[in-house]
Amino acid sequence: MRNAEIADALSELATLYELDGANRFRVLAYRDAARVIRDSPLPVAELAREGTATRLQGVGETLQQKIVALLDEGEIPSTTKLKRKYPATLVEVTRIPGVGAKTTRRLFEELGIATLDDLRDAADEQRIRTLKGLGAKVEENVLAQLDRLGDKGPGPRRLISEVLPIAEQLAATLRAHPASERVEIAGSARRGTETCKDIDLIATAKKPVELAAALAEHPLAAEAGNPGDAGARITTHNGIPVDLRIVEPGAFGNLLQHFTGSADHNVQLRELALKKGLSVSEHGITNTETGKVTKCKTEAQVYRRLGLPYVEPELREGTGEISAAREGELPELVELVDVRGDMHCHTTLSDGLNSLEEMVAAARARRYSYLAITDHSASHGFGNDVTPDALRRRIEDVHALDRKLRGFKVVAGSEVNIHPNGSLDYADDLLAELDWVIASVHTSFRISAKRMTDRFIAAMDHPSVDCIGHLTGRQILTREPYDVEVERIVEKALETGTMLEINGNPRRRDLSEHHARLAAEAGVRIVLNTDAHRVETLANMRFGVMTARRAWLSADQIANTGSWRSFSRLRKRVRSGG
DNA sequence: GCCGTTTTCGGCCCGACTGTTTTCAGTCG
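Residue numbers (my numbering): 442 to 1019.
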């Protein structure tokens, strides 16, 4: 059973407990555990069977037993029991924004509302207002939320590549406005998460109302609330909610820190603060003894006041960064400027849109020192089928171009399919002629985790394979990762000296930050690649760097932050002419 | 239900907003 399914089961049970009026900290414990399990790079089902799932922060003996029961019986016994009391459909009702567990339970017990359809009928017939404490506004909200849900589901998350450029454009406009002083992007976009649901902007301004009005009148705004001196709220034409908050300069650091989050990071930070007699909020840091409030101009001051060094936004996920900060063990994170080359891109030879020469020129314009050309082996329908002869001619072309260039290395490579049996798409002698080989899976996704893992392991055992491409094949928001035993992959990568790629395509981000952290901690060499299919998408390197930073990686853990010479030395096979 | 450089028991973040209330509970981020 996948981590996501275990997490869903615990999360459902949390809601059932909540409906039942359980201690709210117990409910919180189930939700926390669900999140930790969902994000774990390890197979939690196996850990629970071995009795070692308790090493996950937030999972104790009780939850471990419930996971084992879930595996054995298909459902947690407490869930089965509670479902006799509350229909499972009530869990859906609690997902309506504005309707929580308490309200749902009353609607069920006093009006017999069990499903979303029941809820709509009751709101239509104005029966909700007959309950004490609930009125016409609640009915109005319920109907509005149900309509919205019918359209597209609740507040869709979007890829950061869709959201961040809009955030940057809005921030740039506001910065250029004469009324503005400081404008920063906050929220998940600043932390570099895979998806975002909205945009948070934090600003200080000489004339706050004018700056707020500038956002409300921005051409990207389809709807705007009333701009005031505290800020403004708009929705863009493509439906992204944007919140601008304007604050006095003296508390800019507090507000930026608060709205950058994450929620988990902030909770842990406040817990730490309380132990030091300090209470943290977006307005400042209060000494709980004296009541004295300290306001901070910068985030660094916020952290300093709590006795911590500055914590980079990408690390603020509540996954150990606060204790690392206390110990002075925060990593020095890799930056985009550290990246010296891109080892995965495509051209018109397979399914790319630009020529070899165009891709090289674009890489040089990015001030890289090297670029690997890695068209698909294409036995399975990626654009043109790159035959062995075509690949041989390509190798010659690449080498000829490389000889012409000074201070830049063009690398003759290929992204070779791994067949279901673990064999590769080209003959060994041809693979040996290549300077760089990425092995990837593009077909037969639905095989067992064991067979998929064996497939990768066979490829890593091949002497010509330098790197594994987009390990799990996931496409964020649209395709689940395929089942693969990441621990075994990591072990084999270490043993054979095979590198693992972080694919920077914003749809992939694969390795995920969780897998990348696991692999790098084990000592596997990581490569940041874009898998670009046109010159523009070489710029996706920024998303790869975001994943690397969220995986706590420093430049020295990433192979392509060094010169071509040093990169070359890190490959498992020493090649001629390298 | 989890967890421990102030605790193996007694804690477990903070504030804003909303709708319905005359002081607050529920919900949310």
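Even for Gly, the Cβ is constructed at its ideal location relative to N, Cα and C.
Quick caveat, the model's predicted, so the values are computed rather than measured.
Point to revise | For A529, the residue or residues it bridges with in DSSP | key: Per DSSP, none; premise fails for A529.
Check your understanding: Should P668 be labelled buried (16 or more other beta-carbon atoms within 10 Å of its own) or exposed?
Key -> With 16 or more Cβ atoms within 10 Å of its Cβ, P668 is classed as buried.
**Study point:** Status (buried if at least 16 other CB within 10 Å, exposed otherwise) for V752
**Key:** Answer is buried; the Cβ neighbour count reaches 16.
Exercise for review: Run through the region 778-863 for me and flag every whole beta strand (DSSP E) of 3 or more residues, listed as ranges in chain order.
Suggested key: Whole beta strand (DSSP E) segments, 3+ residues: 811-817, 850-858.
Check your understanding: In terms of alpha-carbon separation, which member of S796, L696, G680 lies closest to I687?
Key -> The closest CA to that of I687, considering only S796, L696, G680, is found on L696.
Check your understanding: So R929 packs on P922, CB below 8 angstroms; how close in whole Å?
Key -> Wrong, their Cβ atoms sit about 15 angstroms apart, outside the cutoff.
Point to revise | N- and C-terminal bounds of the alpha helix (DSSP H) containing N695 | key: 693-701 is the extent of the alpha helix (DSSP H) around N695.
Exercise for review: For the alpha helix (DSSP H) holding M940, just list the boundary residues, first then last.
Suggested key: Segment 940-944 is the beta strand (DSSP E) holding M940; no alpha helix (DSSP H) there.
Exercise for review: Over the uninterrupted alpha helix (DSSP H) stretch that includes G628, give me the two end residues.
Suggested key: In the DSSP assignment, G628 falls within the unbroken alpha helix (DSSP H) covering 628-632.
Check your understanding: Roughly how many whole angstroms lie between the Cα atoms of P484 and R443?
Key -> The straight-line gap from Cα to Cα measures roughly 7 angstroms.
Point to revise | E459, buried or exposed, once every other Cβ within 10 Å from all chains shown has been counted against 16 | key: Burial check for E459: the Cβ neighbour count within 10 Å reaches 16 or more, so the residue is buried.
Check your understanding: Start and end of the beta strand (DSSP E) containing L642?
Key -> L642 -> beta strand (DSSP E) spans 640-646.
Review point. Would you say the region 747-764 touches the region 777-784, given that touching needs at least three Cβ pairs under 8 angstroms?
Key: In short, these stretches do not touch, since the Cβ pair count stays below three.
Exercise for review: Leaving aside the five residues before and after D449 along the sequence, list all residues of the same chain whose C-beta is less than 7 angstroms from its C-beta, in chain order.
Suggested key: Nothing meets the Cβ criterion.
Check your understanding: Assuming L661 contacts I607 under a Cβ cut-off of 8 angstroms, what Cβ separation, rounded to an integer in Å, is found between them?
Key -> Taking a contact as a CB-CB distance under 8 angstroms, the pair L661 and I607 counts as one, their CB atoms being some 7 angstroms apart.
Check your understanding: What residues are listed by DSSP as bridge partners for L600?
Key -> In the DSSP output, where bridge partners are listed per residue, L600 has T636.
Review point. Among residues of its own chain, excluding the 5 on either side of L511, which ones have a beta-carbon nearer than 7 angstroms to its beta-carbon?
Key: Excluding positions up to five away in sequence, the list reads I447, A450, I517.
Review point. Touch check for the region 629-638 and the region 652-660: three-plus C-beta pairs under 8 angstroms?
Key: Judged by Cβ distances under 8 angstroms, the region 629-638 makes no contact with the region 652-660, as fewer than three pairs qualify.
Exercise for review: Please name the residue, chosen from L832, F897, C737, that lies closest to E874 on a Cα-to-Cα basis.
Suggested key: Comparing Cα positions, the closest option is L832.
Exercise for review: Kindly indicate the opening and closing residues of the alpha helix (DSSP H) around E491.
Suggested key: Run containing E491: 485-491, per the alpha helix (DSSP H) assignment.
Practice item. With distances taken Cα to Cα, identify the nearest neighbour of P682 among V721, A630, T731, H706. Key: Of the residues V721, A630, T731, H706, the one whose Cα lies closest to the Cα of P682 is A630.
Exercise for review: Report the partner residues of C908 according to the DSSP bridge assignment.
Suggested key: Partner(s): I879, M940.
Check your understanding: N970 bridges to which residues according to DSSP?
Key -> The bridge partners DSSP lists for N970 are N944.
Practice item. Give me whichever residues DSSP pairs with I888 in a beta bridge. Key: Answer by DSSP bridge pairing: none, since I888 is not bridged.
Point to revise | L774 to D562 span [Cα, whole Å] | key: Each residue's alpha carbon lies about 54 angstroms from the other.
Review point. Is there contact here, the region 727-743 with the region 966-981, by at least three beta-carbon pairs under 8 angstroms?
Key: The region 727-743 vs the region 966-981: no contact.
Point to revise | G1019 in three-state terms, based on DSSP | key: With a pLDDT of 43 at G1019, under the threshold of 50, the modelled position of that residue is not reliable, and the figure given next carries that caveat. Coil at G1019, not helix or strand.
Review point. Exposed or buried, what is S881 when buried is set at 16 or more other beta-carbons lying within 10 Å of its beta-carbon?
Key: Within 10 angstroms of the beta-carbon of S881 lie 16 or more other beta-carbons, which makes it buried.
Exercise for review: Would you check if the region 978-998 and the region 950-968 touch, i.e. whether three or more CB-CB distances between them fall below 8 angstroms?
Suggested key: Yes, since at least three Cβ pairs between the region 950-968 and the region 978-998 fall closer than 8 angstroms, the two stretches touch.
Review point. Hey, out of L872, R616, Q567, E932, whose CA is closest to L552's CA?
Key: Comparing Cα-Cα distances from L552 to each of L872, R616, Q567, E932, the minimum goes to Q567.
Practice item. For T913, count neighbouring Cβ atoms within 10 angstroms of its own Cβ and tell me buried if that reaches 16, exposed if not. Key: That one is buried.
Review point. Does the beta-carbon of E491 have 16 or more other beta-carbons within 10 angstroms, so that it is buried, or is it exposed?
Key: When all chains shown are included, E491 counts as exposed.
**Study point:** L918 classed as buried or exposed, judged by whether at least 16 other C-beta atoms fall within 10 angstroms
**Key:** Classification for L918: exposed.
Check your understanding: Where do the N-terminal and C-terminal ends of the beta strand (DSSP E) with R674 fall, by residue?
Key -> Annotation: the continuous beta strand (DSSP E) that includes R674 extends over 672-677.
Point to revise | Cα-Cα separation, V846 to T894 | key: Checking the displayed sequence, the identity of residue 846 turns out to be Leu instead of Val. Just so you know, the alpha carbons of L846 and T894 end up roughly 40 angstroms apart.
**Study point:** Selected residue, minimal CA-CA separation from H618, among T503, K647, R632, I626
**Key:** If we check each option's Cα against that of H618, K647 comes out closest.
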